[in-house]
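Chemist: In this note's numbering, the protein residues as written are 2 to 646.
In this text, a Cβ means the ideal position worked out from N, Cα and C, and glycines have one as well.
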Amino acid sequence: MDKEALFNKNVELLSRIIPTVALRLPYVDSSDCEFCESKAGEANIIKHNGEQSFSLHSQYNAKKEAEKWFQSLDLAGTQVLYVYGVGLGYYYDAAIEWLRGQRDRYLIFLEDDLSVLCRLMETEKGTEILEDKQVQIHYFPSIEDSGNMFHWLSWYFVLLPLDVSAIRSYESQKAEQLHELRLKIMHDSVVNDAMAGEYMRHSQTFFRNFYSNFLFLSESEHGNKLFGKFKGVPAIICGAGPSLNKNVDLLGKLEQKALVFAGGSSLNAVSAKGVLPHFGAGIDPNPPQYERIISNSGFEVPFFYRNRLFHEAFRAIHGKHLYLNGCGGYPIAEWFEAKLGIKGEVISEGHNVVNFCVEIARALGCSPIIFVGMDLAYSGLEAYASGVVENVKVQEEKILNNGNTDSSAFIRPDINGKPVYTLWKWVQESEWIGAYTEEYPDVQFINATEGGLGFPGIPNMSLQEVVDQYMPRCLDLRGRVAAEINDAHFEHIDSARTMELMTELRDSLLRSQKLCEDILLEIDEMENKVKKGKTVPASLQTGKSVLYEADLLEEEAYRVILENNSAVCSKILERHSNEIKYDTSLRSDRERQLEILNVNREKFHFLRDTAEANLRAMNLAVRNYERAGHDVGNFLELSQEEAKV
């Protein structure tokens, strides 16, 4: 095959994976990538980059270089290997034996140079790589402009252990890009693995908190009723970063100048210095939130929350409980709200409680919104402001080399141009807030954090400068807050109606569980037919299983509880199905069909177990609610009877 025909063939293959990139390749000037030969007579490329040039592979022996690279890797337990740079495919050859060792191993080449991709498309090795179902090639012009690609990769390979490496020339010539790339991939993986892990553990933590807190909804106020009530009032969002120490004395003098928000650790930091914020906030579903609540001295601070908040922390809050509509990632809150007639805007939670506070301040109508103590960095080699933990100091060697790429520090310039250690999650948070502010051009945002990373597009000022320029008036803000909360009562919510809805959802969960069991029986029947060599439909479904699945999709419990879990499970099982489809060790359609049936069985086992876990969380919450002196009707009696059946 001539060079042009081979190029066109490979571009067509590439178009099945990344069509937009494939369309561009025929028009790329690849003259800056010049073919040459190594001393061993192998094809190589000289990359001309302005006045500098370098070879993509060893000029002595490209094959041996790739083999030594692979031997240097510790891939114990690794299932996804990302390689920055593809070159002419020598690193693919070096990894092929490892790749074929298991069908759920993957090799992902990430290339940021279209000229290199063009040259690879001109080779037979390019064809081999593109036709290998365990290998993917992706192009990214920059990390910042390729968020969708990285998001897709992190979800397709979710919950698979990974490693990130590079061809040797990129490791030396593009060291900074490699570092950023590794951090990006690892961070996305950690975030999405945590999310998927929560769903794959049947969302037990979330639902235990949700049901436990929801049952006490009638004792809360409706925080959404405060939205729009503080138009033009400045708001200060407190972080718990080291620089908060510089501003905490001034903060204490601003209770009549601005609404002060503190969530999570920042509530401990400011209250330890005698500063009482106007609002606290919490969404953390984990036990440490309880310790933060009971150890801060701002006992009567009104507290915005959502029902994912750790249930013991929720009960430990002394101040007014301000419920906000919605619950990030779970539609169940909106289902209950619709049934109870609780109307209100569903605001975003962002990545953490600080983002949550920003959204609340914006919804209340506040402007300007001012950030204080949000270093997003180890300023002065400290992790927190004083009052959060006993020892706020960190050791340089521990934050640099802790064995976890996602939590290993690296240097970025702070707002004053000085080097400071930060983490990728903090860089992401800075970028999130910068992007968030662009969505609300009518709201003014100011960074009054004296140090740290800052935020893209947000001006930096000292807190004193902000006070002088934007806080000319004294306002009775505590009085206004108390008055607005007094008018924010829920209407028409009582324990009887609450228990009615819990019963309705419980009954739907039981039906969903039974339908999953019926589908599993049909899968067993189909498996028996396949084993006996009988003709089966391509869908591998019986008529009954199709009907059962349709009924399952119609259940309220599926739509408001199981659907999210099912989506994550299906994404993982889709990957398994693809692995089965291309597994050459499966020698017959019968073997392949049995494997696919096992995948289907796994899905409905998972959904059945998710329903069961949810029922346990619901029953536990209702039992504790009854112990607190509330009437739950015959809910628990019916649950016990149905469990026997």
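Just mark Pro1 as buried or exposed, buried being the case when its beta carbon has 16 or more other beta carbons within 10 Å.
Modeler: For the chain, the structure presents residues 2 to 646; residue 1 sits outside this window and is missing.
Chemist: Report the rounded CA-to-CA distance for Tyr437 versus Pro460, giving the unit in angstroms.
Modeler: The alpha-carbon atoms of Tyr437 and Pro460 are separated by roughly 14 Å.
Chemist: Look at the alpha carbon of Cys119 and the alpha carbon of Leu251, and state the distance between them as a whole number of angstroms.
Modeler: C-alpha separation (whole angstroms): 60 Å.
Chemist: Which word fits Pro278, buried or exposed, when buried means at least 16 other C-beta atoms lie within 10 angstroms of its C-beta?
Modeler: Classification for Pro278: buried.
Chemist: With C-beta atoms as the reference, is Phe605 less than 8 Å away from Leu521?
Modeler: It is a contact, given that the beta carbons lie within the stated cut-off.
Chemist: Check the C-beta distance from Asn326 over to Val347 and give it rounded, since I have them as a contact under 8 Å.
Modeler: The Cβ separation is near 5 Å, so the contact holds.
Chemist: Suppose the cutoff is 6 Å on Cβ atoms and the five residues either side in sequence are ignored; what does the same chain contact list for Val165 look like?
Modeler: Contacts found: Tyr83, Arg183, Ile186.
Chemist: Is the Cβ-Cβ distance between Ala317 and Ile284 less than 8 Å?
Modeler: The answer is no: Cβ separation not under 8 Å.
Chemist: Kindly give me the distance between the Cβ atoms of Ala267 and Gly299, rounded to whole angstroms, as I take these residues to be in contact under 8 Å.
Modeler: Correcting the residue identity first, residue 267 is Ser in this sequence and not Ala. Their Cβ separation, rounded to whole angstroms, is 11 Å, which puts Ser267 and Gly299 out of contact at 8 Å.
Chemist: Could you tell me whether the Cβ atoms of Trp70 and Arg169 are closer together than 8 Å?
Modeler: Closer than 8 Å, so yes.
Chemist: Decide if the region 425-434 is in contact with the region 462-480; the criterion is three or more beta carbon pairs, one per stretch, under 8 Å apart.
Modeler: Counting Cβ pairs under 8 Å, fewer than three are found: no touch.
Chemist: Please name the residue or residues paired with Ala1 in a DSSP beta bridge.
Modeler: In this structure the chain extends from 2 to 646, so residue 1 is not present and cannot be described.
Chemist: Enumerate in chain order the residues of its own chain whose CB-to-CB distance from Gln174 is below 7 Å, with the five nearest sequence positions on each side excluded.
Modeler: Same-chain partners within the cutoff: Phe55.
Chemist: For the candidate residues Gly366, Leu218, Glu485, Ala539, whose alpha-carbon lies nearest to that of Arg309?
Modeler: Measuring from the Cα of Arg309, the nearest candidate turns out to be Leu218.
Chemist: To the nearest angstrom, report how far apart Ala282 and Glu350 are at their CA atoms.
Modeler: Roughly 11 Å separates the two Cα atoms.
Chemist: Apart from the five residues on each side of it in sequence, which residues of its chain come closer than 6 Å, Cβ to Cβ, to Val646?
Modeler: In this prediction, Val646 scores a pLDDT of 42, lower than 50, which makes its location untrustworthy; the coordinate-derived value is nonetheless stated afterwards. Excluding positions up to five away in sequence, the list is empty.
Chemist: My output table needs one value for Pro27: the three-state DSSP class, helix, strand or coil.
Modeler: It is helical.
Chemist: If I'm right that Asn567 touches Leu608 with Cβ under 8 Å, what's the distance once you round it to whole angstroms?
Modeler: Note that residue 567 is Ser in the sequence shown, not Asn. Correct: roughly 6 Å between the Cβ atoms.
Chemist: Which parts of the region 70-153 are runs of the alpha helix (DSSP H), unbroken and 4 residues or longer, counting only runs that do not cross its ends?
Modeler: Entirely contained in the region 70-153, the alpha helix (DSSP H) runs reaching 4 residues are, in chain order, 91-101, 115-122, 125-132.
Chemist: Give me the Cα-Cα distance between His188 and Met150, rounded to the nearest whole angstrom.
Modeler: Their Cα atoms are separated by approximately 14 Å.
Chemist: Could you please give me the residues that DSSP links to Gln53 through a beta bridge?
Modeler: DSSP output for Gln53 lists Asn50 as bridge partner(s).
Chemist: Rank Thr124, Leu255, Tyr85, Thr504 by C-alpha distance to the C-alpha of Ala176 and give the top, closest one.
Modeler: Nearest C-alpha to Ala176: Tyr85.
Chemist: To the nearest angstrom, report how far apart Glu550 and Lys321 are at their CA atoms.
Modeler: Roughly 44 Å separates the two Cα atoms.
Chemist: With distances taken from CA atoms, which of Val633, Gly534, Ala622, Phe636 is nearest Phe215?
Modeler: Looking at the Cα atoms, Ala622 is the closest of the given residues.
Chemist: Could you tell me how far apart the beta carbons of Glu222 and His490 are, in whole angstroms, since I believe they sit closer than 8 Å?
Modeler: Contact holds; Cβ gap of about 6 Å.
Chemist: Quick check on the burial criterion: 16 or more other C-beta atoms within 10 angstroms. Buried or exposed for Gln257?
Modeler: Exposed, because fewer than 16 other Cβ atoms sit within 10 Å of the Cβ of Gln257.
Chemist: Would a C-beta distance cut-off of 8 Å place Phe110 and Ile138 closer than the cut-off?
Modeler: It is a contact, given that the beta carbons lie within the stated cut-off.
Chemist: At what residues does the beta strand (DSSP E) containing Phe305 begin and finish?
Modeler: Here the beta strand (DSSP E) through Phe305 covers 304-306.
Chemist: Quick one: is Leu24 buried, meaning 16 or more other Cβ sit within 10 Å of its Cβ, or exposed?
Modeler: That one is exposed.
Chemist: With a threshold of 8 Å on Cβ separation, who are the neighbours of Gly329 within its own chain once the five nearest residues in sequence on each side are excluded?
Modeler: Excluding sequence neighbours, Gly329 sits near Ile284, Arg307, Arg309, Ser349, Glu350.
Chemist: Got a sec, what are the start and stop residues for the alpha helix (DSSP H) Ser546 sits in?
Modeler: Here the alpha helix (DSSP H) through Ser546 covers 544-555.
Chemist: Name the residue from Glu123, Pro414, Asp610 whose alpha carbon lies nearest to the alpha carbon of Ile562.
Modeler: If we check each option's Cα against that of Ile562, Asp610 comes out closest.
Chemist: To the nearest angstrom, report how far apart Thr536 and Ser578 are at their CA atoms.
Modeler: Their Cα atoms are separated by approximately 21 Å.
Chemist: What are the residues that DSSP puts in a beta bridge with Gly283?
Modeler: Answer is Tyr306.
Chemist: Does the distance between the C-beta of Asn620 and the nearest non-hydrogen atom of the ligand PLP fall short of 7 Å?
Modeler: Ligands in the displayed structure: none, and consequently the ligand PLP is not present.
Chemist: Pull up the CB-CB distance for Phe280 and Leu255, whole angstroms please, since I reckon it's below 8 Å.
Modeler: At roughly 14 Å, the Cβ-Cβ gap does not stay under 8 Å, so Phe280 and Leu255 are not in contact.
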